[in-house]
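First residue of the sequence shown? That's -16 in my numbering, and the numbers climb one at a time after it.
Shown next, in structure tokens, is the structure this report addresses.
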Amino acid sequence: MKEGNLRFVNNLKRNRDILQQANETRNGQWPFATILSCIDSRTSAELIFDQGLGDIFSIRIAGNIVNTDIIGSMEFACKLAGSKLLVVLGHSRCGAVKGACDHVEMGNLTELLAKLQPAVYQETTTLDQQNRNSANEEFVENVAAINVKRTVNAIVERSYILEQMVEQGEIAVIGAMYNLETGLVEFYQDSYLGNAQHIKTIRQKAN
-16 MKEGNLRFVN
-6 NLKRNRDILQ
4 QANETRNGQW
14 PFATILSCID
24 SRTSAELIFD
34 QGLGDIFSIR
44 IAGNIVNTDI
54 IGSMEFACKL
64 AGSKLLVVLG
74 HSRCGAVKGA
84 CDHVEMGNLT
94 ELLAKLQPAV
104 YQETTTLDQQ
114 NRNSANEEFV
124 ENVAAINVKR
134 TVNAIVERSY
144 ILEQMVEQGE
154 IAVIGAMYNL
164 ETGLVEFYQD
174 SYLGNAQHIK
184 TIRQKAN
């Protein structure tokens, strides 16, 4: 994933025969990774990581949050289709995160943004209430990072199947952040879940 992102940043995209890839994946697919990212039009995981047709599962929703349907999709990707890596990919200047920071309410978006609110309240470095909004870029980026890491934990907390797969070392989950300005992806090593000890730590925190 890191190598693919570096190719993207340096405009060294691999030359791929898309028609050939389409033919090769006609009867089955074996994506090595599953990426949960935002719907932002500038954050296509296939492009950011320079992956071809059939290489990754791509799940997209505003604010890269999780719900039952998304977790079910991840269980399919990992348990049935053999995906070995789950990446929660946030991005800088996220509109959904900004909306949550401003406590926006609008139709069905209200319920979605509510899922981001815990990350807003968990941000404790910005003490001045007047600066806890989307006008403060540092606050927005802090909330975005917190949201990514919360989502990583939520995946294994809400899915027994994925929790067991991580515990047995069959899959790994990690959070990452895409920088819209540089094109670089930063992987949050402190969010990495890939073995039984990591799951034990998550359980202890939950209790």
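All C-beta atoms, glycine included, are put in the ideal place defined by N, C-alpha and C.
Only a predicted model underlies this, so the values are computations on that prediction, with no experimental measurement involved.
Unbroken alpha helix (DSSP H) run spanning residue i, endpoints
| i | result |
| --- | --- |
| residue 86 | No alpha helix (DSSP H) holds residue 86; DSSP gives it neither H nor E. |
| residue 169 | No alpha helix (DSSP H) contains residue 169, which is instead part of the beta strand (DSSP E) from 168 to 176. |
| residue 11 | Residue 11 -> no alpha helix (DSSP H), and no H or E assigned at all. |
| residue 157 | Residue 157 -> not in any alpha helix (DSSP H); beta strand (DSSP E) instead, spanning 155 to 161. |
Residue i: first and last residue of the uninterrupted beta strand (DSSP E) it sits in
| i | result |
| --- | --- |
| residue 33 | Where residue 33 is concerned, there is no enclosing beta strand (DSSP E), given that its DSSP letter is neither H nor E. |
| residue 22 | Here residue 22 belongs to no beta strand (DSSP E), and DSSP marks it neither H nor E. |
| residue 148 | Element bounds for residue 148: not the beta strand (DSSP E) but the alpha helix (DSSP H), 143 to 150. |
Neighbour-count burial assignment, residue i, 16 or more Cβ in a 10 Å radius
| i | result |
| --- | --- |
| residue 253 | Nothing about residue 253 can be reported from this structure: the residues present for the chain run from -16 to 190 only. |
| residue 34 | buried |
| residue 42 | buried |
| residue 192 | The structure shown does not extend to residue 192, since the chain spans only -16 to 190, so no value can be given for it. |
| residue 0 | exposed |
| residue -15 | exposed |
| residue 164 | exposed |
| residue 186 | exposed |
| residue 73 | buried |
| residue 143 | exposed |
Short Cβ contact (8 Å threshold) for residue i with residue j
| i | j | result |
| --- | --- | --- |
| residue 102 | residue 138 | no |
| residue 84 | residue 148 | no |
| residue 154 | residue 175 | no |
| residue 46 | residue 5 | no |
| residue 134 | residue 49 | yes |
Quick one: which unbroken beta strand (DSSP E) runs of 3-plus residues sit fully inside the stretch 38 to 123? Chain order, please.
39 to 43, 68 to 74
Quick check: the stretch 22 to 30 against the stretch 51 to 66, are at least 3 beta-carbon pairs closer than 8 Å?
no
Report yes or no: do the stretch 11 to 18 and the stretch 65 to 74 share at least 3 C-beta pairs separated by less than 8 Å?
yes
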